[in-house]
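A short worksheet on the structure shown next.
In my numbering, the protein residues as written are 546 to 630.
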């Protein structure tokens, strides 16, 4: 694997599980890097580009995401959470 360029963003997929009707907090920056360095949530910002079809996703002040699935939805998912400038 070659080293990352100084400003190269490497955003990895995230996944988690929760019980039905229980919101879940996802640390979407935990496994992402810029130029090979971990992203500091205190200096980063993220945005939800596409709203989930079967629930709600909210960016928290600490740059985590709280996701709550709609009632009676099994195996929900969402995508397109992106760092912003």
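Cβ atoms here follow ideal geometry from the backbone N, Cα and C, with glycine treated the same way.
What does the alpha-carbon distance come out to for the pair residue i and residue j?
| i | j | result |
| --- | --- | --- |
| residue 644 | residue 616 | Residue 644 lies beyond the stretch modelled for the chain, which goes from 546 to 630, so this question has no answer here. |
| residue 552 | residue 597 | 29 Å |
| residue 586 | residue 619 | 30 Å |
| residue 580 | residue 613 | 32 Å |
How about residue i and residue j: are their beta carbons less than 8 Å apart?
| i | j | result |
| --- | --- | --- |
| residue 573 | residue 592 | no |
| residue 578 | residue 584 | yes |
Which residues in the same chain as residue i place their Cβ atom closer than 6 Å to its Cβ, once the five residues preceding and following it in sequence are excluded?
| i | result |
| --- | --- |
| residue 606 | none |
| residue 623 | 597 and 602 |
| residue 563 | 569 |
| residue 576 | 557 |
Please list, in chain order, all residues of the same chain as residue i whose beta carbon is under 7 Å from its beta carbon, the five residues on each side excluded.
| i | result |
| --- | --- |
| residue 582 | none |
| residue 566 | 616 |
| residue 561 | 569 and 571 |
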